[in-house]
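If you read the sequences in order, they're chains B and E. Note that our numbering numbers the first sequence so that position 198 is 198, with each residue one more than the last. Quick note: to get our numbering, add 1000 to the position in the second sequence (first position is 1). Each residue gets a CB set at the ideal place from its N, CA and C atoms; glycine is no exception. Here the structure comes first, spelled out in structure tokens, and everything after it is commentary.
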Amino acid sequence: MEYKASEMTAKYLRSRKIPSTACSGCGLGMNHKIVVQAIGELGIEVADVIWGTSIGCAGRQTFATWKGDGFAGTHGRVYAIARGLRIALSPEKKIILTVGDGDAFGIGLMHLIHAARSNADMTVIVNDNLGYQSTGGQYGWTTPQGSHTDSSPYGMFEHNLMSDGMDVMHILKGAGATFLARHVAMDGAVAVETVKKAIENRGFSLVHMPYPCPTNFGSRELGSRNQVNIYKWIERQAAPLGQEKEDTVWATGIWHDASNSRPEFSEFVHETLEKIRRTGSI
Amino acid sequence: MKRYLETGNFAITEGAILAGCRFFSGYPITPATELAEAMSLRLPQENGVYLQAEDECAAMHMCIGASLGGMKAMTATSGPGFILYMDPYGWALGCECPLVVLNSGRVGPVSGITGAPGQGEFYLMRYPTQGGNFEAICLAPNTAQECMAMTVEAFYLAERFRMPVSVLADQLITDGFEDISVPENDDEMKELGFRTWPRKIHQGPDFYPYTDALDVPPVVMGHNTGALCSDWTPTEEGFDIEEVEAHHKHAYRLIYKVRNHRDIFNHHYEKKYMDDDPDLVVVSYGSPSRVVNTAVEKARGMGLKIGSLRLINIWPFPDEHFDRKTKYLTVELNWDGQLVREVKRAAPKDSQINFLGTCGDLPTTPDLIETFEKILKDEPLSRQGWVLEEW
């Protein structure tokens, strides 16, 4: 099948990596498109973005898709790399990280919290496929309660970072993140607007974006790899913030917008060090 | 030159700054804490940045980020922190990211004795990460002054070889106060044998050549070169690929860029009384080598034909020093015997290899001389330590 690149794809993405090698029916491409579209609508150029990824489905499938500079870090540590990179980069460059749920909320949570604490300018897009899918489908830290996966054959019963009152968004807000939002992949244009705001915040932004995995999650929890089933299953359990129903798992929209309300990490560090050089104290 | 009575940590800090290091990230740990403290004081004065990290793993990752952004970066720790470097160390090796890593050895395993010198990471410096398919470069100074020199050298090698280079010291060397001369200009740098290499920027878009070539500029983000690097096996362009042939080429480069250019750094060693084919060669590195040198000198005065071989470049292991069949003794700050295994491997098959281990404290000169005499007379050692099995 010949793949015809859209104008947006031709401008921003490497043809060698698009389409990706993701499984048939994977929803990651929807998230990916939302992010690239947001970048395009903001008029950001290829040279203005450093695109970082991590491992797993989200990391591997988005690595090197960006036409400009890109890297893939170790599992869960890309937030620490990004903080060091932030210090070295000029402030107008954007760092956009497309990572997975295991990466951000499992192995990398401590580094994520410290990135939020420091308000380092980066936009973290957490592509949540509801668990560890590239290893075959084990539950993660935002997998809906009761879900059947290869490591929760009786249903996932542990409390996790989506449990009532324990939402990971609260942790990140408490840690100092200045922009937090959640959208499911099917939110389309609404999600694009949110990601634009996330990118425009000169500080730490995170958008949590659950997306459908028919191959592993869908086949274990819903008993089939039919893409429509898992898309509908996610859509049914998502609702805009304030309109949640009894069975809502993902409350979507902007959770916290304190954009540009406190100094950005690298600018703050450089300004403070400059003052130290001038006056000998902070 | 400016002279100071200061610690090895001070000397390392000044060496790093002379080499162009403008980013340091670390996590407090005895006995490397004072180095982080010195960096936090000095770097801001030199247009540099010091960032304390949430753990050692993050510290080295932040250094990776700074290096990826074009800065020369360094981190430092002790054994319990060094193991948290395993994750970023592998990334930096695979992505050919120049960095300098200092490990000040203390007594292990785990936290062990925090304020005493140890040499338990001899092999860890060779294998600082998983997966194999790489060579590592490690330099082991034995004085504060040499700490400065080897830090400068590590930065030089890191840039030319496009990789992390480690400096292995120990608690006595980094914490001890000594007479230190800090050069104040390029001529004085040259006088001390310091050499530096500027950070260059890879113009991409290719990630690396499938050769052992040196002086390939590292990947730097933010210059719109289309630079790519990742933790996966790379293609020449930097794309990720699951392919054995590509990995073979990648591994070839990581191994042979070092093995084929050892002449750049393998002059880092010290030989004393080695010109007359001594009956016993005492092999050591780091702080115990200072006692060894004293003991060998005394033994010579007593008419014993003993030489001292002090290794500074410990990895890749300099096999060329061990081509003569004779008696060898390694003196190390561990009781399991690490350097001795490598000497056993490198020396001619029927050489006699002996081991003297201590831990947390240096051996004394009388201890060493008694050991030399026993080895020369083929008498059993009172402290047998690690017994060499046949292998």
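- Judged by DSSP in its simplified three-state form, M1302 of chain E adopts coil rather than helix or strand.
- By DSSP's assignment, I1180 of chain E forms a beta bridge with E:Y1004.
- Taking 8 Å as the upper bound for CB-CB distance, L1329 of chain E and L1280 of chain E are in contact here, some 6 Å apart.
- Here R86 of chain B is buried, its C-beta having at least 16 other C-beta atoms within 10 Å.
- Nearest to E1332 of chain E by C-alpha distance, out of E:E1046, E:L1362 and E:I1314, is E:L1362.
- Contacts with chain E at 9 Å (Cβ-Cβ) do not include S24 of chain B.
- For L1139 of chain E, the closest C-alpha among the options E:G1301, E:H1267 and E:E1245 is that of E:H1267.
- Taking a beta-carbon distance threshold of 9 Å, S90 of chain B counts as an interface residue toward chain E.
- Only residues of its own chain outside the window of five on either side were considered, and among them D48, V49 and I50 have a CB closer than 8 Å to the CB of K93 of chain B, listed in chain order.
- In the DSSP assignment, P1164 of chain E falls outside any alpha helix (DSSP H) and lies within the beta strand (DSSP E) extending over P1164 to D1170.
- When only Cα atoms are considered, N1293 of chain E and G1120 of chain E end up about 21 Å apart.
- A contact is defined here as three or more CB-CB pairs under 8 Å, and the region 98-107 of chain B fails this definition with respect to the region 1242-1261 of chain E.
- For C1063 of chain E, the neighbours in chain B by C-beta distance under 7 Å run, in chain order, G84.
- Out of E:G1079, E:Q1145 and E:R1262, the CA that lies nearest to the CA of Y1004 of chain E is found in E:Q1145.
- When the five nearest sequence neighbours on each side are left out, the beta carbons in the same chain lying within less than 6 Å of the beta carbon of P214 of chain B are those of G25, R225, Q227 and I230, in order along the chain.
- Scanning B:M162, B:E158, B:I95 and B:Q138 for the CA closest to the CA of S151 of chain B turns up B:Q138.
- Nearest CB-CB separation between V46 of chain B and chain E: below the 9 Å threshold.
- Among the CB atoms of chain B, one or more fall inside 9 Å of the CB of D1055 of chain E.
- DSSP places L1157 of chain E in the uninterrupted alpha helix (DSSP H) bounded by A1144 to F1161.
- Around the CB of D1263 of chain E, fewer than 16 other CB atoms lie within 10 Å, so the residue is classed as exposed.
- A straight line joining the alpha-carbon of M1150 of chain E with that of K1272 of chain E spans about 20 Å.
- The DSSP-derived three-state label of Q61 of chain B is helix.
- C-alpha of F1024 of chain E to C-alpha of E235 of chain B: approximately 46 Å in a straight line.
- With respect to chain E, the C-beta atom of R202 of chain B has no partner C-beta closer than 9 Å.
- Per the C-alpha coordinates, the member of E:T1030, E:P1098 and E:T1326 positioned closest to I1113 of chain E is E:T1030.
- For Q1045 of chain E, no alpha helix (DSSP H) run applies, since DSSP gives it neither H nor E.
- Taking the Cα positions, K1327 of chain E is about 38 Å away from L1099 of chain E.
- Chain order gives no chain E residues near I18 of chain B, where near means a beta carbon separation below 7 Å; the closest approach is about 12 Å.
- Secondary-structure assignment with DSSP links I254 of chain B through a beta bridge to B:A181.
- Contact between L1254 of chain E and V1283 of chain E does not hold, since the beta-carbon distance rounds to 28 Å and is not under 8 Å.
- In the DSSP assignment, V1219 of chain E falls outside any alpha helix (DSSP H) and carries neither an H nor an E.
- Contact annotation, G1337 of chain E with V1107 of chain E: C-beta distance approximately 15 Å; criterion of less than 8 Å not satisfied.
- Taken through DSSP and simplified to helix, strand or coil, D1350 of chain E comes out as coil.
- The continuous beta strand (DSSP E) containing M122 of chain B extends over residues M122 to D128.
- Residue-level contact check: I87 of chain B touches chain E, since one or more beta carbons of chain E fall below 9 Å from its beta carbon.
- Closer than 9 Å at the C-beta level to chain B, one finds these residues of the region 1211-1241 of chain E: V1219, V1220, M1221, G1222, H1223, N1224, T1225, G1226, A1227, L1228, C1229, S1230, D1231, W1232, E1237, G1238, F1239 and D1240.
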